[in-house]
Each structure stands twice: as C-alpha cells, then as structure tokens.
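**Q** Quick one: the structure is below, questions incoming.
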Amino acid sequence: MGTLWQDIRYGLRMLQKSPGFTLVAVLTLALGIGANTALFSVVNGVLLNPLPFPHPEQLVRIHESKVNFATGSISFPNFRDWRDNNRTFSAMAVTRGMGMSLTGLGEAERVRVQMVTSDFFQILGVNAAIGRLFAPGEDEIGRAPIALVSAGFWKRKLGGTPDALGKVLTLDGGSFTVVGVIPASFDFAVGAFRPADVYLPVGQWGNPLLTARTAGLGFHGLGRLKPGVTLEQAQADMDAVTAQLEKIYPDVNKGVGARIRTLRQEMLGRIQPFLLVLLAAVGFVLLIACVNVANLMLARSDARMREFAVRAALGASRGRVVRQLLAESLLLAIAGGAAGLLLANWGTQAALQFVPESLPRANQVALDGRVLLFTVLLTLLSGVFFGLYPALRLSKPDVQESLKEGGRGASGARHRTHGAFVVAEVAMALVLLCGAGLMIRTLQQLWSIDPGFEPHNVMTFGAALSPSMMSNQTAEASRAALREFDARLGAVPGVKAISLSWGAVPLAGDDERLFWMEGARPASPNDMNWALSYVVEPDYLNLMQIPLLRGRFFTAKDDERGAPVAVVDDTLARKYFAQEDPVGKHIFLDGDPGAPPVMAEVIGVVGHVKQWGLDSDSRELQAQLYTPFMQLSGQNMAGSPSGISVLVRGEILPPALFDALRQTSRRMSGEQVLYGMQTMEEIISDSFATRRFTMALLGVFALVALALASLGIYGVISYLVGQRTREFAVRLALGAQPGHVMRNVLGQGARMALLGVGLGLLAAIGLTRLLARYSLLFGVSATDPVTFAAVAILLTIVALAACYVPARRAMRVDPLIALRYE
C-alpha cells in the first residue's frame, strides 16, 4: 500500500512538471469518456433499465390482424370475447386516445383523453395517487359518467387538493365526475398511446360504432400474461380463440386474428438499432482519444528514457517501472474521467432538448449509479489501454544506449509505432466521417423527394366547435354550423385557401375506407378492398396543389343534396381499373353499421400523396380515395365534428395567421378551440426526425474524431521533426533546398494519412452496412462512392494541413545553430 501511495505521489509530481502534456491528455480523454458516458446514459435509460411496472416480462401488446394489417385496431366486441375466452392472460384491456373540449374551468381548451377499460391501470400495477381507479364493470355502456385525471391536470386545473374528488368536468358538453388522480410517476408511452390529461371508461364514448364487430375504431390491446406463460403459448391460445370466433361470425370475422408482441418490443423495437449504431460510433471516439494519448505518452517516454535507464541500472525491476507508469496513466484517466463526467452531464441535458418524440422513456435518462459505474470502468480500462504499451516499452530500456551522450534519438521502431497509431486514428475517424456523410446524403435525398403536394405556407390544425352548438344536433344543423365556421375562417385576411378535413391528413394521420368495384361485392368485409380515406372540401386540391390528372375535383354542388361522388388517386386507378378510364365508373363505399353501402361515381383522378413519410415502405403505394366533406353520413355529421382537421394555405407566416384564425373562432364562441397547429413543412421534417437526430450525433462524433486525428498527426509529425532536426540541418548545410525538406515532411505525413484512409475505407464498409441493415439509409447505397471519395479527400486535406506547420518549421531550420547544439 505504501508503494502504491509512493507511485501516486511521484506520478502527480511528474504530471505537474509537464502541464501542457497533462492538459492536452486530460482534455482528449474527457472528450472520449464524456461522449461515451452521455450516450450510455441514453442507452441505459431507454434500453437497459427495466420497464417501470411490476413483472414487466408479463406485459404484452395485443393487436387485431387482418388481411391488410398485421397490427390493426381491435373491434370492441372482439376484445370482450378475447378477454372472456382466453386461458393465458390474467387480465386484458384496450385503450383509445382522442381529444375533447374542456369547458367550464376558465378558457376553453383541448385536452388529451384516453378511453380505457377497467383493468388498464391494474394491469400496469398503477395505484391512484388520491381517490380510486375504475372498478370492474364501470367500462360498460350505460354506467355512470366518471373520470380519472393526471397529476399534472389535477394541479393545473383542479387546484391540486383532495377536494378535487367529486368535481365535475365538462368534456364535449358531457359531465364527468372525478373519482381519482393518476400519480405523476405514471409513464406509459407506446404506439399511439400517450399519457393523457383525462381518462374515461370506454363505455362513456357515445359512438354507436362501439358495438359494431367490424369497426376497429383505433382500439389497441394491453395484456398481462399469467405467471409462467410464454409468448408462444399466449399466441397459440389467442389463435384458438379467434378461430372459434371466425366460425361463430363468418361474415365479419373471416381472416381476423390476434397478434401479440411483448411490451418491451413494442416500445423499443424501432429505436434500439439507432442507439446501438450510435453507441458503436461513439466507441470509436474513445478509441481515437486513447490512441492519441498513447502516442503522446510514447513521445514523452523518449525524453524520459535516460531516467528509467538510470533506475534500471540502480536495480529497479521491470514490474516496478510498469506499476509506476500505469499509476501515471490511471491518474490521467481519472482526471479525464472526472472532466468527462461533467461534459456528459452537460451533453446529456443538451441532447435531450433535441431528441425526437419517437424516443421512448426519455425521462428515464439520467446519470444514475449504473452510468457512474460504467464511467468508472471505462476510465480505468482507458487508463490501462493507452498506458500499457508505453509502460512496457519504457520498463525495458537499453541501459548502455540510453546513457550515452548521443542516445537521445528515437529509433526507427519507435517511429513506426508512432506512425501505426496515427494510421489507426485516421482509419477510425474516416469510418465515422463516412457514416455521418451517408446520413447527410440520406437527408438530402429525403428533402428532394416530391411528397405529392406543395407544403410551403400550408398549415394544419384541429378545430373543436362549440359543444353546446354541436351536441345533440341534427346532421342539417351540424352542416350549417360547419359552413358558417368555414366561411368565417376563410374570410380572415391572409387566407388563400381553406378546407375542413375528416380522416387522413398527409403524414399526420390516416384513416381507411372499404370499397369494392361495381358488380363485385365481396362476401365478407375482410375480402373488400381498402384505401386511405380523405374527406375534404372543394378547395383542398388547390390548397395542397395536388395535380388533377383527369376529370374534375369537387365543387360546392357536391354536398348532401348531390349524388355521391369520389375522386381516386392514380395508384387506385392503375390497381383497380387497369387500362380503363375510371372517370364515370362507379364504386361502392362501405357505409355505417346497419346502413346500406354508398354507390359513388368516380369524377376525377389526382396524383398520389406520400401518406406515411417520404421514406415510407411499400404501403406508400396504397390506393387513396377522396370524398366530399359535406357528403359525410348523417350519423358522422351529427355526432363527430367536435374535433375536425383544418388545412389552410396562407399569404403570411403560419403562426401569425393562426393567431388571427383563433381570434376569429373565439369571436364566434368562447367554447370553440383551435389547437395543435403545425406547418406541413414541420410535419415533413418530423417524419424523419430520428434520422436527423442520428445524423447530428454521428456528425458531432465524426468532427471530434477528425479533430483528435488531426491533433494526433500534428503531434507525431512535430515530434518526428524534432527528432530529425540534426538530419535536416545536415541536408540544408549540404545544399538541399528548403522546399525539398518540406516535401519530405509532408510526404511522411501523407503516407500515414493515405494508409489510414485506405484501411478506414475498408472498415467503413462494416459500419455503413450496419446503417443500411437497420434501414437508416435512404436513396443512397451503403458504399456510396461519392460519399466515400469526398470523405477520403477531406481527411487527406486535413491531415496535410496538420502536417504543414511542422513541415514549415523543418524547412526553416538554421544549420549553424542546429549543428552547434548537436
């Protein structure tokens, strides 16, 4: 123990004697360790920490599978049969998110609501902060209207006191009594589910489609398996249940199954590849940092060769010398780790400000005990990694040679070691630069894609009309109210075009509708064709600037009194009408439950819109169908337009125009709410937010790696120039031109850089194929020659620039002074 303390004190004195070396080494390590710690804190919070629920391995998500959807929504009658007839689940629930207008508690606002069945919170092991949860049976249709509220809503709108229990909330004109508060710690964000302001029992949703076995209505299931039940056993059990239901209800349940996935897989499946790729990338940064410090220590070791030769001559063992040098390395690593921890804390907080919404469990990211342990281990391993080789080399000096007067020069073997380290740094930096370059090219490709519409100066937002005006109104009264609302907003200065919308909005939400061709009605709904459904007004085509290819679009005459009409996109036209012109043909649209189908005349063909993202999969070829807003069925028109979408093309900036629209809406009624404004350009940008976040982090890591590699090249060339000062002096004294000396130094640096570039290009193929495997690339190959060539040229130029200063110093050597010193 005394020897260890002696090594530490001696090491501290030696580091204090070389403050420049110590500062550079500590900062270099701080960058590498800090970047790794920051990213590991994200990986730890998102991927490694257990889900915050009791026995999370028993939690699964349940979907309804159909011919067209592997993970579709569940009809409520099917859910109840699944819940009652399965043998492998201890409990099962469904949820559906929506927005509702809250009135009576200050200014009217739109709140997020989750419709849930009674077992939902019990499945997750959540208890009420105050009050109670829903009791069994309270989710049935016709039961008392009650509500649970979130802790945030409780504090913000209900005063945050126990007196909130029993208070009545007015949502979309209906009254709901608060019976409990969900704790602030509740964190369940998966799929379309997001923690809500208010939770209502499913039976309180007044939609008549709730009892229809063919209507999924956006319900997705959550279940808890019985102890010891595997996912395969649960899937087999549900297969048997759905097969039995298919026999009982052959007309509507043909081909309907259940799809079960673990909750962890649903939450983390899409984000895991991104984080693992980034973790691998940031590991390269630390390797470069360690190699850089090892090179610095090698250069420093040449100056200390005489010191350790004297110690060896006096009887110091090799192990004693290694321990001393490793102690110095670990002191450097500990200082770098401490500084890196500070950088990680700052970097993590900064990164969380820019993470995409698709990153789950972001609130779990913190520098907890596991992250601190990771940092400690990383620090110790780094110290051993960069200190071991210099320690081993110095521990066995050539005593005779080192003690000679002229034994200061570095040997060729040491030169080669320095060069090998530089080659490794350049190679690893090039790998990261190639990855960042491919991500940049991917984003360029995405931005260049035509989405099928013109997004500039277009915005979309939700509109909740006055509940007192819309509740319990006839379809005619609702249409009149919507026409007035439309006309008032359309008259606001700066509005060029406006359309109310129901159903799908490009890249922001989708809805489907079943249809079939004239004279070919399928026997079962599951055999019908389906298309994305856009229910819009006549100005929509002009607003979105979607090209009209044939026929016409809707006019004001295409209303509830006109004959049913439809417009199809060119994908639907090619797929279902082959070589025929669809204009003038008829298709049948599936109507509301209990209502006959609607025969609509196809009046036009428009261009295809990318609904699921610019980089969407094969679903982008899905057919698209447009119907007039004012031809919505009476059932939908009378009960649903409390929350509709509005699209506006303006002449002024969207935020200013939205404020003017909101003021106009409030003048119509203080109960009306306009909410959730987004420009279409923001929606497009958000559609590849995860790729953009990955590119940004890869870019940062690549720049750090480039800086470290440049520093390494500069340091090594400077060191080698210092070692060759006598050689250059002799050359210049014998008549060599200064330019020849500069070319000699630059050539030495160029050879190391080019060798590193060559090896890096080979290694980059591995990382870039990883990017392609996890679908991080789009429109560019994993071995894109343009990217690889550009990165190789950039890195070579930077390497030569790093060699330039030492090369100029070499060509300016004064032979007389240098040789006199020698």
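Counting in our numbering, the sequence shown runs from 181 upward without gaps.
Ideal Cβ positions, reconstructed from N, Cα and C, are used throughout, including at glycine.
(1) Since residue 668 and residue 770 should fall inside the 8 Å C-beta cutoff, what is the C-beta to C-beta distance between them, to a whole number of angstroms?
(2) Can you give me the C-alpha to C-alpha distance between residue 863 and residue 392, rounded to a whole angstrom?
(3) Locate the alpha helix (DSSP H) running through residue 208, then write down its first and last residues.
(4) May I ask you to list the residues that DSSP assigns as paired with residue 243?
(5) How would you call residue 530, buried or exposed, if buried means at least 16 neighbouring beta carbons within 10 angstroms?
(6) Apart from the five residues on each side of it in sequence, which residues of its chain come closer than 8 Å, Cβ to Cβ, to residue 922?
(7) Compute the Euclidean distance between the alpha carbons of residue 820 and residue 954, then round it to the nearest angstrom.
(8) Can you have a look at residue 244 and say buried or exposed, based on whether 16 or more other CB atoms are within 10 angstroms of its CB?
(9) With DSSP as the reference, please indicate the residues paired to residue 782 in a beta bridge.
(10) In this structure, does DSSP put residue 587 in helix, strand or coil?
(11) Rounded to whole angstroms, what's the CA-CA distance from residue 523 to residue 546? Just pull it up for me.
(12) Determine the direct distance from the alpha carbon of residue 844 to that of residue 826, and round the result to whole angstroms.
(13) Which value, in whole angstroms, describes the spacing of the CA atoms of residue 666 and residue 736?
(14) Could you check whether the segment 332 to 343 touches the segment 267 to 277, counting it as contact only if at least three pairs of C-beta atoms, one from each stretch, sit closer than 8 Å?
(15) Helix, strand or coil for residue 636, going by three-state DSSP, please let me know.
(16) Pull up the DSSP beta-bridge partners for residue 711, would you.
(17) Return the residue from the list 780, 927 and 910 that minimises the CA-CA distance to residue 739.
(18) Which residue spans inside the segment 879 to 940 form an unbroken alpha helix (DSSP H) run of at least 4?
(19) Under 8 Å, do residue 279 and residue 294 count as touching if we go by C-beta distance?
(20) Mark residue 585 as exposed unless 16 or more other C-beta atoms lie within 10 angstroms of its C-beta, in which case mark it buried.
(21) For residue 318, collect the residues of the same chain with a Cβ closer than 8 Å to its Cβ; drop the 5 residues on either side in sequence, then sort them by chain order.
(22) What is the DSSP secondary structure of residue 550, reduced to helix, strand or coil?
(23) Return the CA-CA distance between residue 679 and residue 718, expressed in angstroms with no decimal places.
(24) Can you give, in chain order, each stretch of the beta strand (DSSP E) that sits fully within the segment 246 to 312 and has at least 3 residues?
(25) Do residue 637 and residue 835 count as a contact pair if the criterion is CB distance below 8 Å?
(26) Can you give me the Cβ contacts of residue 364 inside the same chain, cut-off strictly under 6 Å, excluding the 5 residues immediately before and after it?
(27) For residue 200, which residues in the same chain have their Cβ closer than 7 Å to its Cβ, ignoring the five residues on either side in sequence?
(28) If distances are taken between C-alpha atoms only, which option among 196, 946 and 215 comes closest to residue 551?
(29) Contact defined as beta carbons within less than 8 Å: I believe residue 349 pairs with residue 358. What is the distance between those atoms, to the nearest angstrom?
(30) If you draw a straight line from the C-alpha of residue 273 to the C-alpha of residue 361, how long is it?
(31) If you run the structure through DSSP and keep just helix, strand and coil, what is residue 463?
(32) So, with DSSP's three-state summary, where would you put residue 776?
(33) For a quick check, are the C-beta atoms of residue 959 and residue 559 less than 8 Å apart?
(34) Label residue 307 either buried or exposed according to how many other C-beta atoms from any shown protein chain fall within 10 Å of its C-beta, with 16 as the threshold for buried.
(35) Suppose contacts are defined by Cβ-Cβ distances below 8 Å. Is residue 681 in contact with residue 824 by that definition?
(36) One question on the structure: do residue 521 and residue 563 come within less than 8 Å of each other, judged by their Cβ atoms?
**A** In terms of the structure at hand:
(1) For the purposes of this step, residue 668 is taken as the residue at position 488 of the sequence shown. For the purposes of this step, residue 770 is taken as the residue at position 590 of the sequence shown. Between residue 770 and residue 668 the Cβ distance is about 34 Å, and since that is not below 8 Å, they are no contact.
(2) The sequence position of residue 863 within the sequence shown is 683, counting from 1. The sequence position of residue 392 within the sequence shown is 212, counting from 1. Distance from the CA of residue 863 to the CA of residue 392, rounded to the nearest whole angstrom, comes to 33 Å.
(3) In the sequence shown, the residue the question calls residue 208 occupies position 28. Where residue 208 is concerned, the enclosing alpha helix (DSSP H) stretches over 199 to 223.
(4) For this step, residue 243 is matched to residue 63 along the sequence shown. Residue 243 pairs with 439.
(5) Taking the sequence shown and counting its residues from 1, one reaches residue 530 at position 350. Per the 10 Å Cβ criterion, exposed.
(6) By one-based count along the sequence shown, residue 922 stands at place 742. Result list for residue 922: 987, 988, 990 and 991, in chain order.
(7) Position 640 of the sequence shown, counted from the start, is the residue given in the question as residue 820. Position 774 of the sequence shown, counted from the start, is the residue given in the question as residue 954. Low confidence applies here, because residue 820 scores a pLDDT of 46, under 50, leaving its location unreliable and the question unanswered by this model.
(8) On the sequence shown, residue 244 is found 64 positions in, with the first residue counted as 1. So residue 244 counts as buried.
(9) Counted from its first residue, the sequence shown places residue 782 at position 602. Residue 782 pairs with 746.
(10) Translated into the one-based positions of the sequence shown, residue 587 becomes position 407. Note that residue 587 has pLDDT 44, beneath the 50 cutoff, so the model's placement of it is unreliable and the number below is only indicative. Coil, per DSSP.
(11) On the sequence shown, position 343 is the one that residue 523 refers to. On the sequence shown, position 366 is the one that residue 546 refers to. For residue 523 and residue 546, the distance between alpha carbons rounds to 13 Å.
(12) Start at 1 with the first residue of the sequence shown, and residue 826 comes out as number 646. Start at 1 with the first residue of the sequence shown, and residue 844 comes out as number 664. If you take the alpha carbons of residue 826 and residue 844, they lie about 14 Å apart.
(13) Along the sequence shown, read from residue 1 onward, the residue named residue 666 stands at position 486. Along the sequence shown, read from residue 1 onward, the residue named residue 736 stands at position 556. For residue 666 and residue 736, the distance between alpha carbons rounds to 13 Å.
(14) Under the three-pair Cβ rule at 8 Å, the segment 332 to 343 does not count as touching the segment 267 to 277.
(15) Looking up residue 636 in the sequence shown gives position 456. In this structure, residue 636 counts as coil in the three-state DSSP scheme.
(16) As a working note, residue 711 is residue 531 in the sequence shown. For residue 711, the beta-bridge partners assigned by DSSP are 693.
(17) Here residue 739 refers to the residue found at position 559 when the sequence shown is read from its first residue. 780 is the residue among 780, 927 and 910 whose C-alpha sits nearest the C-alpha of residue 739.
(18) Within the segment 879 to 940, the complete alpha helix (DSSP H) segments of 4 residues or longer fall at 905 to 913, listed in chain order.
(19) The residue labelled residue 279 in the question sits at position 99 within the sequence shown. The residue labelled residue 294 in the question sits at position 114 within the sequence shown. Taking the C-beta atoms as reference points, residue 294 is found no nearer than 8 Å to residue 279.
(20) Counted from its first residue, the sequence shown places residue 585 at position 405. Per-residue confidence for residue 585 stands at a pLDDT of 44, beneath the threshold of 50, marking its modelled position as unreliable; the derived number appears in the next sentence. By the neighbour-count rule (16 or more Cβ atoms within 10 Å), residue 585 is not buried but exposed.
(21) Here residue 318 is taken as the residue at index 138 of the sequence shown, counted from 1. Here the set comprises 298, 324, 326, 381 and 383.
(22) As a position in the sequence shown, residue 550 is number 370, starting the count at 1. The DSSP-derived three-state label of residue 550 is helix.
(23) For the purposes of this step, residue 679 is taken as residue 499 along the sequence shown, with counting starting at 1. For the purposes of this step, residue 718 is taken as residue 538 along the sequence shown, with counting starting at 1. Looking at the backbone, the Cα of residue 679 and that of residue 718 are separated by about 7 Å.
(24) The segment 246 to 312 contains, as complete beta strand (DSSP E) runs of 3+ residues, the segments 269 to 283 and 289 to 296 (chain order).
(25) As a working note, residue 835 is residue 655 in the sequence shown. As a working note, residue 637 is residue 457 in the sequence shown. No, the pair does not count as a contact, with Cβ atoms beyond the cut-off.
(26) Within the sequence shown, the letter at position 184 stands for residue 364. Answer for residue 364: 331, listed in chain order.
(27) Position 20 of the sequence shown, counted from the first residue, corresponds to residue 200. Cβ contact annotation for residue 200 (same chain, cutoff 7 Å, sequence separation greater than five): none.
(28) Locating residue 551 in the sequence shown gives position 371, counting from the first residue. Closest option to residue 551, Cα to Cα, is 215.
(29) In the sequence shown, the residue the question calls residue 349 occupies position 169. In the sequence shown, the residue the question calls residue 358 occupies position 178. With a beta-carbon spacing of about 6 Å, residue 349 and residue 358 fall inside the 8 Å limit used to define contacts.
(30) In the sequence shown, residue 273 corresponds to position 93, counting from 1. In the sequence shown, residue 361 corresponds to position 181, counting from 1. Roughly 19 Å between the two C-alpha positions.
(31) On the sequence shown, position 283 is the one that residue 463 refers to. In the three-state reduction of the DSSP assignment, residue 463 falls in the helix class.
(32) Within the sequence shown, residue 776 is the residue found at index 596, counting from 1. Coil, per DSSP.
(33) Stepping through the sequence shown from its first residue, residue 959 is reached at position 779. Stepping through the sequence shown from its first residue, residue 559 is reached at position 379. Their beta carbons are not under 8 Å apart, which means residue 959 does not touch residue 559 by this criterion.
(34) Numbered from its first residue, the sequence shown carries residue 307 at position 127. Residue 307 is classed as exposed because its beta carbon has fewer than 16 other beta carbons within 10 Å across all chains shown.
(35) As a working mapping, residue 681 is identified with position 501 in the sequence shown. As a working mapping, residue 824 is identified with position 644 in the sequence shown. Closer than 8 Å, so yes.
(36) Position 341 of the sequence shown, counted from the start, is the residue given in the question as residue 521. Position 383 of the sequence shown, counted from the start, is the residue given in the question as residue 563. No, the pair does not count as a contact, with Cβ atoms beyond the cut-off.
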